[in-house]
């Protein structure tokens, strides 16, 4: 049985501006760069050529536990931005973060894990910032999750609830005990006897958070922050979009959404190969 934290708006995370971010366009990137138009764009974009070794160095040196390194794309023209999109491609991870001012951070990982395109739009959809970020997970995700409530108030469960109170008590205890650097604590709902009243009460008590992340590959993983700080809903789906594992994690951003150190180093090497093949 699913708790339903992710299911209500699971497809909203990508939205029109991020819908391609979960499709994997490495083949598209290769075709674009190999074409005559691609060669012409490369010749016309020395600023993009100069950016690539900086990104590769950042990927080589980035500590996954540290804040990311930002590369502002403001001032680049449409041709330069299109070339950057062709070089980086679009990977399997997309996210949105609802900002306190009503704006949204739109996030898409490139085909190189740990290299992210991060766009900030205001409440009216106007672009206010555009950058590349090298990090395990963009800082906007952590900042958005930090807006959740630091304490969990538990009310009276409804009729029919059996296990909601002990589960919520465990969540509250783990929230209070967790600190950066400590391991995640996982509660696997798939293994617990939960009634619909249990799941509804837990969902209502935790509330919705600001962060929605979708990772698609063979099946998909959906990671949503809840309204309780450091509490994440993590659900895994098969290719038929049926839940195969339903969990809550108490701790930092779940590893399912993050690039590991080895991912960053491999991405640095991959980007250098692209630079060598097309820009030298």
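Residue numbers (this note's numbering): 514 to 793.
C-beta atoms are modelled at their ideal positions from N, C-alpha and C, and glycine is treated no differently.
These numbers were taken from a predicted model, which means no experiment stands behind them.
Distance between residue 579 and residue 648, taken at the CA atoms: about 8 Å. About 6 Å separates the CB atoms of residue 681 and residue 718; that is less than 8 Å, so the two are in contact. Sequence-distant partners of residue 768 (beyond 5 residues in either direction) whose C-beta falls short of 8 Å from its own C-beta, in its chain, are 697. Residue 581 is classed as buried because its beta carbon has at least 16 other beta carbons within 10 Å across all chains shown.
Cβ-Cβ distances below 7 Å link residue 711 to 674, 675, 676, 677 in the same chain, with the five nearest sequence neighbours on each side left out; the list follows chain order. Contact between residue 776 and residue 653 is absent: CB atoms are separated by about 19 Å, not below the 8 Å threshold. DSSP links residue 576 through a beta bridge to no other residue. Residues 710, 714 of the same chain have their beta carbon placed closer than 7 Å to that of residue 671, with the five preceding and five following residues left out of the count. Between residue 684 and residue 704, the gap from beta carbon to beta carbon reaches 8 Å or more. Judged by DSSP secondary structure, residue 598 falls within the alpha helix (DSSP H) whose first and last residues are 591 to 601. When Cβ pairs closer than 8 Å are counted between the two stretches, the region 568 to 577 is seen to touch the region 640 to 647, the count reaching three or more.
Taking C-beta separations shorter than 7 Å and ignoring five residues to either side along the sequence, the partners of residue 640 in its chain run 632, 634, following chain order.
Under the three-state reduction of DSSP, residue 570 is assigned to helix. Note on geometry: alpha-carbon atoms of residue 738 and residue 621 lie some 17 Å from one another.
Counting along the chain, residue 643 sits inside the beta strand (DSSP E) bounded by residues 640 to 647. In its chain, beyond the 5 residues on either side, 601, 602, 604 have a beta carbon closer than 6 Å to the beta carbon of residue 623. Shown here, residue 697 sits in coil according to DSSP, grouped into three states, outside any helix or strand. Annotated three-state conformation of residue 662 is strand, per DSSP. Relative to the Cα of residue 735, the nearest Cα in the group 743, 770, 722 belongs to 770. Secondary structure note for residue 680: it is in no beta strand (DSSP E), and the uninterrupted alpha helix (DSSP H) holding it is 677 to 690.
The three-state reading of DSSP puts residue 773 in coil, since its state is none of H, G, I, E or B. Rounded to the nearest angstrom, the gap between the Cα atoms of residue 733 and residue 608 is 13 Å. Taking the C-beta atoms as reference points, residue 643 is found nearer than 8 Å to residue 586. In the DSSP annotation of this structure, the continuous segment of the alpha helix (DSSP H) that includes residue 719 starts and ends at 709 to 719. Residue nearest to residue 745 within the set 764, 565, 728 is 764 (criterion: CA-CA distance). The Cβ atoms of residue 754 and residue 702 do not sit closer than 8 Å to each other.
DSSP places residue 738 in the strand class (E or B) of the three-state scheme. DSSP, read as helix, strand or coil, puts residue 757 in strand.
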